[in-house]
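The sequence shown runs 1 to 350 under the UniProt record's numbering. Think of the CB as a built atom: it goes at the ideal place given N, C-alpha and C, for glycine as much as any other residue.
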Amino acid sequence: METWRRLFFCGDRGSPRNPRRSRTMRQRSLAAAIAVLTCGTGFPQNDDWRSRMHEGAAAETLGDYVSATSSYRAATEIAEHFDRGDRRRGISWNSLSLMYDALGRCAEAQAGYRRAIKEIAESSGKAGPDYALVLANLGASYVETGQTGAGEKLLRDAVAIYSAADPPDKLRIAVAQNGLAEALCIIHKYKEADPLLTGALAVLEKNPSSWGETALAKNNLGIVRLFEGDHREARRLLPQALEMLEQRLGPDHPMLVRVLNNLASLEHSTGHREEAIQRLRRALDIAEKRLGPEHPSYGLLLANYAALLREGGDKSRAKVLEAQSSQILKDSSRRNGLGAVVDINSLRRK
């Protein structure tokens with residue numbers, strides 16, 4: 001399957017303070033981040049905004065992105081009544097946009113990130129970590145929706161802002177490098193992604209609280225090794241990433257979908273077709289249950305599964321799934337105002 005589709009959530013990227021979140025983790029849970037943001041920074045400790053943000057963080061950690069979106073939206077509405085220049089305005093918009101991303105609502109996510117950037121520029125300027133965080137989130141979303149030049153620039157700008165701090169925060173830099181490297185993988189710049197990921201992992205693995213970023217970095221480096229042909233190292237890294245997420249998040253969290261897809265790609269590349277099918281079936285079950293059958297990630301998983309079926313001779317079933325996948329992706333592109341739609345025929349082995 002020469003054209004196996006990499007799977008990227010429109011959204012699994014950083015959290016405002018503690019880089020564990022997960023890109024989601026990169027969907028990393030935001031709970032610890034919200035605690036840092038609301039304690040010791042002058043924010044009221046028992047206000048409605050804080051309560052809504054904690055509700056959103058708890059739901060996000062559980063993989064309930066719909067509920068998290070509702071809570072973060074409520075926090076954003078509350079924050080609209082705060083003074084101009086209040087940090088909570090930008091924080092709220094960033095959190096809400098992350099959930100739009102996770103739900104595949106990329107257009108709304110990007111609009112929200114731009115609003116967060118505007119709010120943060122007014123509250124704390126363009127040289128601080130809050131600004132860099134949202135730049136990175138918007139940049140990653142741009143890359144994932146085909147705006148690679150603009151997205152890569154924003155991600156590099158974020159790394160530069162973190163690196164210019166005095167003293168530089170090594171953990172923040174590592175998180176930003178991980179995000180940039182993931183984007184570079186999307187656009188097939190694996191050689192450049194490699195040193196960024198190895199450097200980031202060296203820092204992240206020393207910080208237990210950043211386990212989510214560590215898992216993502218292992219996943220990303222595993223993909224780099226896979227495309228380099230180092231299957232042995234990919235087989236070490238990808239299962240480690242999956243195990244870390246399973247231990248922390250459970251067996252059916254939507255954050256597992258990406259790693260399962262990549263493990264399926266590895267199994268297929270090494271001639272283990274049945275194992276690849278098992279990985280994809282599990283990913284499909286999780287995506288359908290937790291993200292919904294209209295989510296673009298579910299559509300991409302269907303395309304990969306259909307390609308495996310076609311390769312195995314089940315062309316009739318593959319044709320049905322290809323049509324279903326194509327419709328899901330077309331509908332998603334239409335909702336998000338994207339001009340390009342994935343051609344499922346291009347996913348077939350030539």
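Cβ contact annotation for alanine 127 (same chain, cutoff 8 angstroms, sequence separation greater than five): Ile161 and Ala164, in chain order. Leucine 284 and phenylalanine 82 have their C-alpha atoms spaced approximately 42 angstroms apart.
Using a Cβ distance threshold of 8 angstroms, arginine 310 and alanine 318 count as a contacting pair.
DSSP assignment within the region 171 to 239 yields the following whole alpha helix (DSSP H) runs of 4 residues or more, N-terminal first: 190 to 204 and 211 to 228. Contact annotation, alanine 75 with arginine 52: C-beta distance approximately 4 angstroms; criterion of less than 8 angstroms satisfied. With fewer than 16 neighbouring CB atoms inside 10 Å of its own CB, lysine 315 falls in the exposed class.
Bounds of the alpha helix (DSSP H) holding arginine 335 are 315 to 335. Taking a contact as a CB-CB distance under 8 angstroms, the pair leucine 245 and histidine 253 counts as one, their CB atoms being some 7 angstroms apart. Scanning its chain for C-beta atoms nearer than 7 angstroms, with the 5 sequence neighbours on each side dropped, one finds around phenylalanine 227 the residues Tyr190, in chain order. Distance from the Cα of serine 97 is smallest, within the candidate group Ala121, Glu122 and Val66, for Val66.
Note that the C-beta distance between alanine 140 and alanine 183 is below 8 angstroms. The three-state reading of DSSP puts lysine 126 in coil, since its state is none of H, G, I, E or B. Judged by pairs of C-beta atoms under 8 angstroms, the region 255 to 270 touches the region 232 to 239, as three or more such pairs exist. If only complete runs of 4 or more residues are kept, the region 109 to 165 shows the alpha helix (DSSP H) at 129 to 144 and 148 to 164, in order along the chain.
In the structure shown, the three-state DSSP call for threonine 69 is helix.
Taken atom to atom, the span from the alpha-carbon of aspartate 48 to that of alanine 79 is near 10 angstroms.
DSSP, read as helix, strand or coil, puts proline 296 in helix. Comparing alpha-carbon positions, the option among Ser92, Ser269, His188 and Ala174 lying closest to alanine 158 turns out to be Ala174.
Under the DSSP assignment, glycine 56 falls in the alpha helix (DSSP H) whose first and last residues are 48 to 61. Going by beta carbons, leucine 280 and asparagine 304 fall inside the 8 angstroms limit.
The three-state reading of DSSP puts glutamate 80 in coil, since its state is none of H, G, I, E or B. CA-to-CA, the gap between isoleucine 286 and alanine 307 works out to about 19 angstroms. Taking the Cα positions, glutamate 55 is about 19 angstroms away from arginine 248. Sequence-distant partners of arginine 73 (beyond 5 residues in either direction) whose C-beta falls short of 8 angstroms from its own C-beta, in its chain, are Leu96.
Annotated as distal: histidine 295 and threonine 270, with beta-carbon spacing of 8 angstroms or more. By the 16-neighbour rule on beta-carbons within 10 angstroms, aspartate 101 is buried. Shortest Cα-Cα distance from alanine 193 to any of Pro168, Gln177 and Lys206 involves Gln177. With distances taken between CA atoms, asparagine 137 lies nearest to Gly112 out of Ser124, Gly112, Gly125 and Ser123. Residue Tyr142 holds the alpha-carbon nearest to the alpha-carbon of alanine 109 among Arg88, Tyr142 and Ser123.
Leaving aside the five residues that flank alanine 264 on each side, the residues in its chain whose CB is nearer than 6 angstroms to its CB run, in chain order, Ala276, Arg279 and Leu280.
If you ignore the 5 residues before and after glutamate 205, its C-beta comes within less than 7 angstroms of the C-beta of Thr214, all in its own chain and listed in chain order. Non-local beta-carbon contacts of alanine 181 in its own chain, meaning distances under 6 angstroms to residues more than five positions away in sequence, involve Ala193, Leu196, Leu197 and Asn220 in chain order. Using a Cβ distance threshold of 8 angstroms, serine 123 and arginine 87 count as a contacting pair.
By the Cβ-count criterion, arginine 84 is exposed, with fewer than 16 other Cβ atoms from all chains shown falling within 10 Å of its own Cβ.
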